[in-house]
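K.L.:
Top line first, the protein sequences correspond to chains X and F.
Quick note, the first sequence lines up with residues 1 to 464 if you use UniProt numbering.
Quick note, the second sequence lines up with residues 1 to 464 if you use UniProt numbering.
All residues carry an ideal CB built from backbone N, CA and C; glycine is no exception.
Every value quoted in this text rests on a predicted model; they were computed, and no experiment measured them.
Shown below is the structure under consideration.
2 protein chains.
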Amino acid sequence: MLNPADPAFLSTLPQALLRDARPADLEEPRGRWTGQGGAVAVPRSTEEVALLVRACAAARVGIVPLGGGTGLVGGQLMPEGPVPLILSLERMTALRGLYPQENVLEIEAGAVLAEVQALAEGAGRAFPLTLASQGSARIGGLLATNAGGVNVLRYGNTRDLVLGLEAVLPDGSVLHGLKRLRKDNTGYDLRHLLIGSEGSLGIITAASLKLHPRPAAEGAAFFAVADPAAALRLLSLAEERLPGMVSAFELIHRQSLAFLSETLPQVRQPFATPPEWMVLIDLGLPAALDPVEALLTLSEAAGDLVQDGVIAQSAAQRAEFWQLRESIPLANRRIGAVSSHDIALPASLIPAFLAEAGPALARIGDFRINCFGHLGDGNLHYNVFPQPGFTRKDHDHQREAVKTCVHDIVHRLGGSVSAEHGIGRLKVADLERYADPSKLAAMRAIKAALDPLGIMNPGAVLRA
Amino acid sequence: MLNPADPAFLSTLPQALLRDARPADLEEPRGRWTGQGGAVAVPRSTEEVALLVRACAAARVGIVPLGGGTGLVGGQLMPEGPVPLILSLERMTALRGLYPQENVLEIEAGAVLAEVQALAEGAGRAFPLTLASQGSARIGGLLATNAGGVNVLRYGNTRDLVLGLEAVLPDGSVLHGLKRLRKDNTGYDLRHLLIGSEGSLGIITAASLKLHPRPAAEGAAFFAVADPAAALRLLSLAEERLPGMVSAFELIHRQSLAFLSETLPQVRQPFATPPEWMVLIDLGLPAALDPVEALLTLSEAAGDLVQDGVIAQSAAQRAEFWQLRESIPLANRRIGAVSSHDIALPASLIPAFLAEAGPALARIGDFRINCFGHLGDGNLHYNVFPQPGFTRKDHDHQREAVKTCVHDIVHRLGGSVSAEHGIGRLKVADLERYADPSKLAAMRAIKAALDPLGIMNPGAVLRA
Numbered sequence: 001m002l003n004p005a006d007p008a009f010l011s012t013l014p015q016a017l018l019r020d021a022r023p024a025d026l027e028e029p030r031g032r033w034t035g036q037g038g039a040v041a042v043p044r045s046t047e048e049v050a051l052l053v054r055a056c057a058a059a060r061v062g063i064v065p066l067g068g069g070t071g072l073v074g075g076q077l078m079p080e081g082p083v084p085l086i087l088s089l090e091r092m093t094a095l096r097g098l099y100p101q102e103n104v105l106e107i108e109a110g111a112v113l114a115e116v117q118a119l120a121e122g123a124g125r126a127f128p129l130t131l132a133s134q135g136s137a138r139i140g141g142l143l144a145t146n147a148g149g150v151n152v153l154r155y156g157n158t159r160d161l162v163l164g165l166e167a168v169l170p171d172g173s174v175l176h177g178l179k180r181l182r183k184d185n186t187g188y189d190l191r192h193l194l195i196g197s198e199g200s201l202g203i204i205t206a207a208s209l210k211l212h213p214r215p216a217a218e219g220a221a222f223f224a225v226a227d228p229a230a231a232l233r234l235l236s237l238a239e240e241r242l243p244g245m246v247s248a249f250e251l252i253h254r255q256s257l258a259f260l261s262e263t264l265p266q267v268r269q270p271f272a273t274p275p276e277w278m279v280l281i282d283l284g285l286p287a288a289l290d291p292v293e294a295l296l297t298l299s300e301a302a303g304d305l306v307q308d309g310v311i312a313q314s315a316a317q318r319a320e321f322w323q324l325r326e327s328i329p330l331a332n333r334r335i336g337a338v339s340s341h342d343i344a345l346p347a348s349l350i351p352a353f354l355a356e357a358g359p360a361l362a363r364i365g366d367f368r369i370n371c372f373g374h375l376g377d378g379n380l381h382y383n384v385f386p387q388p389g390f391t392r393k394d395h396d397h398q399r400e401a402v403k404t405c406v407h408d409i410v411h412r413l414g415g416s417v418s419a420e421h422g423i424g425r426l427k428v429a430d431l432e433r434y435a436d437p438s439k440l441a442a443m444r445a446i447k448a449a450l451d452p453l454g455i456m457n458p459g460a461v462l463r464a
Numbered sequence: 001m002l003n004p005a006d007p008a009f010l011s012t013l014p015q016a017l018l019r020d021a022r023p024a025d026l027e028e029p030r031g032r033w034t035g036q037g038g039a040v041a042v043p044r045s046t047e048e049v050a051l052l053v054r055a056c057a058a059a060r061v062g063i064v065p066l067g068g069g070t071g072l073v074g075g076q077l078m079p080e081g082p083v084p085l086i087l088s089l090e091r092m093t094a095l096r097g098l099y100p101q102e103n104v105l106e107i108e109a110g111a112v113l114a115e116v117q118a119l120a121e122g123a124g125r126a127f128p129l130t131l132a133s134q135g136s137a138r139i140g141g142l143l144a145t146n147a148g149g150v151n152v153l154r155y156g157n158t159r160d161l162v163l164g165l166e167a168v169l170p171d172g173s174v175l176h177g178l179k180r181l182r183k184d185n186t187g188y189d190l191r192h193l194l195i196g197s198e199g200s201l202g203i204i205t206a207a208s209l210k211l212h213p214r215p216a217a218e219g220a221a222f223f224a225v226a227d228p229a230a231a232l233r234l235l236s237l238a239e240e241r242l243p244g245m246v247s248a249f250e251l252i253h254r255q256s257l258a259f260l261s262e263t264l265p266q267v268r269q270p271f272a273t274p275p276e277w278m279v280l281i282d283l284g285l286p287a288a289l290d291p292v293e294a295l296l297t298l299s300e301a302a303g304d305l306v307q308d309g310v311i312a313q314s315a316a317q318r319a320e321f322w323q324l325r326e327s328i329p330l331a332n333r334r335i336g337a338v339s340s341h342d343i344a345l346p347a348s349l350i351p352a353f354l355a356e357a358g359p360a361l362a363r364i365g366d367f368r369i370n371c372f373g374h375l376g377d378g379n380l381h382y383n384v385f386p387q388p389g390f391t392r393k394d395h396d397h398q399r400e401a402v403k404t405c406v407h408d409i410v411h412r413l414g415g416s417v418s419a420e421h422g423i424g425r426l427k428v429a430d431l432e433r434y435a436d437p438s439k440l441a442a443m444r445a446i447k448a449a450l451d452p453l454g455i456m457n458p459g460a461v462l463r464a
C-alpha cells in the first residue's frame, strides 16, 4: 500500500522544488474528475526529478506526472487513494539541441507543443504533430500518451516522431537514451515501451524529436461525398496519385456542421447546403506541383466520388478550413455529449460499424450522433449527444449502456476503444474487458518488474 | 539452469512436428559459428508453437527460433550450452489476409520477404522492406531483428511497417495482437517490445504488415561527391525539394568499387574513373513528376556538390545501379573482412567519425577500409580489410582491437554499435560495454518478468 504525500513527507523534500497545487493542476478539460489537493513538485532538472522519485520510492508515495493537463482520460490526476505527489514538468522547457541538417530537435519534456513547432519552423523544418490543444499540451505528456492528431496519416503517431528519450525510471535511475539515431538495434526498445505508458513506467524528462522538411506548398479542400465508403475510395485514389503527400484526411458528418451553426455561428461553412458527409483533405507538395491544380485534378479523376467541392485558394482560406475542423470539439463540448468514443477500426470496416452502431444506439435511446475524425487513420470520434431540449444529465442512466454498446461493436470488428487518447483512469475497466488476456498479463508483469512498489501514476492504465 | 533437448525430451513431443537438423539450420552467412545438432521443431500453426513452448517451459529446455537464418550476429544459432530445441517457422507461411484498400497484409512468420513483396505487388501495393537477403529472409526473423535495408530513409525500419503481431510468449500463452489499426492507444506497446528482441521474449508467429501505394515512377542516379559532408548536404537539398520522395540515399566509397572490380568484374561500373565517394539516390515520384527530369534538376540545383553524375534512363538501368550496390556485401565476403561494423551516427558527425577512425586504425595495423551504407539513415557499414596479399587470418590478433577502436569512437560520438543487425550472440559483450546501465537493468528486469525460466533464445541479446 502507498503512503500519502503528507506534510511530514513533504518536509523532507527540498522546499524550492515545491509549490501549492493550483485549481488548474487538479482539473481536466471535460471537468469530469478533480484531483486531490496538496503539493506540486516543480523540478528544474532531470537530476531533481530523480531525487524526487527516489524520495517517493523510499517513502512509498505515489507520483502523478503532470504535463499540460490536456489529456481526456484522466491520466493526469488522481481523484482518490493516498494523496500523491504531483510532479509537474513545467520548469523543464530547455532546448537541448537543434540539428536542422539531421532533422532533429532535442528538448525537455515541459516544452509546449506550439513552441516546439515554432522552433522547428525557425530552423526551416516542421515538427508535424498537430492537434487542437497544441497551445498548452507539453511534450512529455504528448509522448506519455502517444498523442495522435491530424497529421498521423502522413507522419505517424507521436511515437513515430521520437528518436530517443531521457527518462527517470521508478527506482530513480536515469535512462540516458537521448539519441539522434535513425537506426539503433542495440537491445529492447524501451523508448516505445515508455511512449504510451502514460507515466506508469517512468517520467519522460527530455526527447530527441524527428523533424521533417517543410513541403514547398500546401493545399486543402472540402469534398462532399456520398458516404464514408466513398470517402475511403477517394482516399485510396489520392494516395495512389500523390503517395506520401496526403497530410490529412478528415471525415466530417452533417451533425458537426449543425452543432457549429448552433454554437459557433461565426465559423464559416463551405457549402450552402450542408452535405451529409464531407472530407477535409490536406496536401503537402514539392515546389514542382501546384496544390490547387493537384486538388482539381484529383476531384476530376474521382468522378462521381466527389459530389461537390471547395478548394482553398490561399493560405488564409486553408487556415479557415482547418479552423472549422478544429472548432468541432468545442461545439461538441457546448452541446454536451452523453458519451464520447475515440475509436479506431480497420478502415474497410468503418461503413459496417456505422451501419450497426446507429440502430443499436437507437434501441437504447433517442440520440444525435456526431461522427467525425481522422478517417485516413481509421480513427473516428463517434460521439453521442442528447436531442435538442435535453442535456447529458437526462441520459446519465444510459451512459454506461451507450459506451458499452459502441465499444462492443468496435471490439468485435477488431477495432480499438482508445485510438489516440489512451487509457488513463477512464478506460481501465475497458482495457480489462477488451484487451487480450496475454497482453494484460504481460503488461502487469512489466509494470511489476519496473515499478515493484507501484508508485508511478498509481491507478492509471492498470488498476493500482 | 536449462536442460538439453535430449532424446528423452524429444520423445515427449509430437513426432510429426520434428525433423532432423540439416547443415543449413546450423550455419550462418559468414560461417563464424556453428549451431549444435539435434532436432528441429517444425510447427504448422500458432497452437503447435504454443504446445512446443509449453513443453519446453515444463522441461526447462531452451528454444532457438529460426527464420531464414540470414542474420549476421548469431542470433539464430546457439554454439554452446545445453542443446536447445530449434524451432523453425518454415511451415507457417500462410497469407492470413490481404486488404489493399487498407494497405494491410497479414501473414505468418515463416513467409519469405520476396514472397511478401510479390503479394503486395500483385495487389497494386508495395511492401517496402528491401534488403540483400530478401530471397531467403523470413518475416518472423526480420521483425525479431527489426531489420533495416535500403528504404528506411523513406519508409522507416521494419518496426515502422508493422501494425500488429501474433506471438507465443515464453509461458506458452498466445498474444493475439494481429490488428489492422493505424492508431491504438490501449496499453503498453508490446509489439515494439517484441520487435527487435531477437526471439528472447517470445516467438512471433504472424504479423499485420503496412503496405504503401506504389510510386507512379521511380528513378535513380549515381552522383560523385567530394566527401561524406557534401553527400549529406546533397541529401538535405534532395529532401527539401522532394520531401518524402527520396526512397534511398546510399554512400559508396571507392574501395567498394575496387573490391567489385577485383571479385565481380561483370558488375558494370558507372564512372570510367571511380570517384573517391559517390551516392546512389533513388526517387519514388507521383505521375506528375518525371524521374529523369527531377534528378537532372536536382543535380543542377546542387551546383558544385555534384561533381559528376549518371542518371538511369530506364527501369533496367536503375536495376543495374542497384545491382552494383547490392553486390558490395558479396565482394566484401570474397575479400574477407578483418572486422565489420554496422554502425549508426548522428548524420552531422559522420565526417568527424571518418576523420578520427581512419588514423586510429592505422595505428593498429595496415588495413583497407570499405565504408558504404545507408547515409540517409546515418548507418554505415565500416568494414576493415587486409591489404592485398594478406588474409583476415593474418589479422586475427588485431580483430578485437580493431572492433573496440571503431566502436569506442562511435559510442563517444553518440552512435550505435549495431544499427540494423542487432545484438545476437556476437555483440552481447558490446551491449554490456556500451549500453546505458539503466537500460540494461530495465532489459534484464523485463526479460526476467516475461521469461523467468530463461528458455527463449538463451544467450541472445542478454547473457544467459
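Using a Cβ cut-off of 9 Å, pull out every chain F residue sitting near Asn-332(X), in sequence order please.
P.N.:
Counted from its first residue, the first sequence places residue 332(X) at position 332. What Asn-332(X) touches in chain F: nothing, since even the nearest Cβ is about 19 Å away.
K.L.:
From what residue to what residue does the alpha helix (DSSP H) around Asn-332(X) run?
P.N.:
Residue 332(X) sits at position 332 when you count from the first residue of the first sequence. Asn-332(X) -> alpha helix (DSSP H) spans 315-335.
K.L.:
Please check if any C-beta of chain F sits within less than 8 Å of the C-beta of Thr-145(X).
P.N.:
If you number the first sequence from 1, residue 145(X) lands on position 145. Answer yes: the Cβ-Cβ gap between Thr-145(X) and chain F drops below 8 Å somewhere.
K.L.:
Using the DSSP secondary-structure output, state which residues sit across from Pro-386(F) in a beta bridge.
P.N.:
Locating residue 386(F) in the second sequence gives position 386, where the first residue counts as 1. DSSP output for Pro-386(F) lists Phe-367(F) as bridge partner(s).
K.L.:
Since Leu-296(F) contacts Leu-283(F) with CB under 8 Å, what's their CB separation in whole angstroms?
P.N.:
In the second sequence, residue 296(F) corresponds to position 296, counting from 1. In the second sequence, residue 283(F) corresponds to position 283, counting from 1. That belief does not hold up - the Cβ atoms of Leu-296(F) and Leu-283(F) are roughly 12 Å apart, past 8 Å.
K.L.:
Between Thr-46(X) and chain F, is the shortest Cβ-Cβ distance under 8 Å, so that the two count as touching?
P.N.:
Position 46 of the first sequence holds residue 46(X). No - not a single Cβ of chain F is within 8 Å of the one on Thr-46(X).
K.L.:
Below 8 Å, can you find three or more Cβ-Cβ pairs linking the segment 34-47 of chain F to the segment 95-102 of chain F?
P.N.:
As far as the Cβ criterion goes, the segment 34-47 of chain F does not touch the segment 95-102 of chain F, which means the pair count is below three.
K.L.:
Taking 8 Å as the CB-CB cut-off, is Gly-177(F) touching chain X?
P.N.:
Here residue 177(F) corresponds to residue number 177 of the second sequence, with the count starting at 1. Taking Cβ atoms only, chain X reaches closer than 8 Å to Gly-177(F), which makes this a yes.
K.L.:
At a cut of 8 Å, does the segment 146-161 of chain F reach the segment 41-52 of chain F through at least three beta carbon pairs?
P.N.:
Because the criterion of three Cβ pairs below 8 Å is not met, the segment 146-161 of chain F and the segment 41-52 of chain F do not touch.
K.L.:
Taking 8 Å as the threshold, find out whether the segment 270-281 of chain F comes into contact with the segment 408-418 of chain F through three or more Cβ pairs.
P.N.:
Verdict: no, contact absent.
K.L.:
Counting C-beta neighbours from all protein chains within 10 Å, is the total for Pro-65(X) 16 or more, i.e. buried, or is it exposed?
P.N.:
The count along the first sequence starts at 1 and reaches residue 65(X) at position 65. Buried, by the Cβ-count rule.
K.L.:
Would you please state the rounded distance, in angstroms, between the beta carbons of Leu-105(X) and Ala-120(X)? I believe it to be under 8 Å.
P.N.:
Sequence index remark: in the first sequence, residue 105(X) carries index 105 (1-based). Sequence index remark: in the first sequence, residue 120(X) carries index 120 (1-based). Their Cβ separation, rounded to whole angstroms, is 6 Å, which keeps Leu-105(X) and Ala-120(X) in contact under 8 Å.
K.L.:
Under 8 Å between beta-carbons, which chain F residues line up against Ser-438(X)? List them in chain order, please.
P.N.:
Mapped onto the first sequence, residue 438(X) falls at position 438. The contacting residues are Leu-169, Ser-173, Val-174, Leu-175 and His-176.
K.L.:
Could you list which residues in chain X have their beta carbon closer than 8 Å to that of Leu-242(F), in chain order?
P.N.:
Reading the second sequence from its first residue, position 242 is the one you call residue 242(F). What Leu-242(F) touches in chain X: Pro-286.
K.L.:
Looking at the C-beta of Val-112(F), does it have a partner C-beta in chain X at a distance below 8 Å?
P.N.:
Working through the second sequence from its first residue, we reach residue 112(F) at position 112. Judged by the 8 Å Cβ criterion, Val-112(F) is not in contact with chain X.
K.L.:
Could you tell me the boundaries of the alpha helix (DSSP H) in which Leu-10(F) lies?
P.N.:
The sequence position of residue 10(F) within the second sequence is 10, counting from 1. 7-10 is the extent of the alpha helix (DSSP H) around Leu-10(F).
K.L.:
Quick check: is the beta carbon of Gln-101(X) nearer than 8 Å to any beta carbon in chain F?
P.N.:
As a working note, residue 101(X) is residue 101 in the first sequence. So yes, Gln-101(X) belongs to the interface.
K.L.:
Could you say which of Gly-309(X), Leu-194(X), Glu-166(X) and Lys-179(X) lies nearest to Leu-234(X) if we only look at CA atoms?
P.N.:
Against the first sequence, residue 234(X) aligns to sequence position 234. The shortest Cα separation from Leu-234(X) among Gly-309(X), Leu-194(X), Glu-166(X) and Lys-179(X) belongs to Gly-309(X).
K.L.:
Can you name the residues of chain F whose CB is closer than 7 Å to the CB of Thr-186(X)?
P.N.:
By one-based count along the first sequence, residue 186(X) stands at place 186. Ser-416, Val-417, Ser-418, Ile-423, Leu-431 and Ala-435, listed in chain order.
K.L.:
Thinking residue 491(F) and Leu-375(F) are a contact (beta carbons under 8 Å), I'd like their distance in whole angstroms, please.
P.N.:
Here chain F has residues from 1 to 464 only, and residue 491(F) is not among them.
K.L.:
Of the residues that make up the segment 44-70 of chain F, which ones have a beta carbon closer than 8 Å to any beta carbon in chain X?
P.N.:
Flagged: no residues at all.
K.L.:
Ala-144(X) and Ile-204(X): beta carbons closer than 8 Å?
P.N.:
Position 144 of the first sequence, counted from the first residue, corresponds to residue 144(X). Position 204 of the first sequence, counted from the first residue, corresponds to residue 204(X). A contact, by the Cβ cut-off of 8 Å.
K.L.:
How long is the line joining the alpha carbons of Ser-314(F) and Phe-222(F), rounded to whole angstroms?
P.N.:
On the second sequence, position 314 is the one that residue 314(F) refers to. On the second sequence, position 222 is the one that residue 222(F) refers to. Their Cα atoms are separated by approximately 14 Å.
K.L.:
Report all residues from its chain with a CB closer than 6 Å to the CB of Ala-216(F); omit the five preceding and five following residues, and keep chain order.
P.N.:
As a working note, residue 216(F) is residue 216 in the second sequence. Result list for Ala-216(F): Pro-286 and Ala-287, in chain order.
K.L.:
Which residues in the same chain as Ala-229(F) place their Cβ atom closer than 6 Å to its Cβ, once the five residues preceding and following it in sequence are excluded?
P.N.:
Your numbering for residue 229(F) matches position 229 in the second sequence. So the list reads Pro-351, once near-sequence residues are dropped.
K.L.:
Could you check what DSSP says for His-341(F) in three-state terms: helix, strand or coil?
P.N.:
To locate residue 341(F), count along the second sequence from 1; it is residue 341. DSSP places His-341(F) in coil when its eight states are reduced to three.
K.L.:
Please classify Ser-11(F) as buried or exposed, where buried requires at least 16 other C-beta atoms within 10 Å of its C-beta.
P.N.:
One-based indexing of the second sequence puts residue 11(F) at position 11. Under this definition Ser-11(F) is an exposed residue.
K.L.:
Would you say Glu-239(F) faces chain X, with C-beta separation under 8 Å as the test?
P.N.:
Mapped onto the second sequence, residue 239(F) falls at position 239. Output row for Glu-239(F): interface = yes.
K.L.:
Am I right that Ser-340(F) and Asn-383(F) are in contact with their C-beta atoms under 8 Å? What's the rounded C-beta distance?
P.N.:
The sequence position of residue 340(F) within the second sequence is 340, counting from 1. The sequence position of residue 383(F) within the second sequence is 383, counting from 1. Ser-340(F) to Asn-383(F), Cβ: 4 Å. Contact.
K.L.:
Of all the alpha helix (DSSP H) runs that stay within the bounds of the segment 43-101 of chain X, which reach a length of 4 or more residues?
P.N.:
For the segment 43-101 of chain X, whole alpha helix (DSSP H) runs of length 4 or above, ordered along the chain, are 46-59.
K.L.:
Going along chain F, which residues have a C-beta under 7 Å from Arg-180(X)?
P.N.:
Within the first sequence, numbered from 1, the residue matching residue 180(X) stands at position 180. Within chain F, the residues near Arg-180(X) are Pro-346 and Gly-414.
K.L.:
With a threshold of 7 Å on Cβ separation, who are the neighbours of Pro-291(X) within its own chain once the five nearest residues in sequence on each side are excluded?
P.N.:
Mapped onto the first sequence, residue 291(X) falls at position 291. Ala-217, Glu-218, Gly-219, Leu-283 and Leu-285, listed in sequence order.
K.L.:
Using a Cβ cut-off of 9 Å, pull out every chain F residue sitting near Glu-212(X), in sequence order please.
P.N.:
In the first sequence, residue 212(X) corresponds to position 212, counting from 1. In the sequence as presented, Glu is not what sits at residue 212(X); that position holds His. Neighbours of His-212(X) on chain F, chain order: Glu-239, Pro-243 and Gly-244.
K.L.:
Taking DSSP's pairing of strands, which residues face Ser-416(X) in a bridge?
P.N.:
Taking the first residue of the first sequence as 1, we reach residue 416(X) at position 416. Its beta-bridge partners are Ala-344(X).
K.L.:
Considering only the alpha carbon of each residue, which of Arg-30(F), Arg-32(F), Thr-263(F) and Cys-56(F) lies closest to Pro-14(F)?
P.N.:
Within the second sequence, the letter at position 14 stands for residue 14(F). It is Cys-56(F) whose Cα lies nearest to the Cα of Pro-14(F).
K.L.:
Can you tell me whether DSSP reads Glu-218(X) as helix, strand or coil?
P.N.:
In the first sequence, residue 218(X) corresponds to position 218, counting from 1. Three-state DSSP puts Glu-218(X) in a strand.
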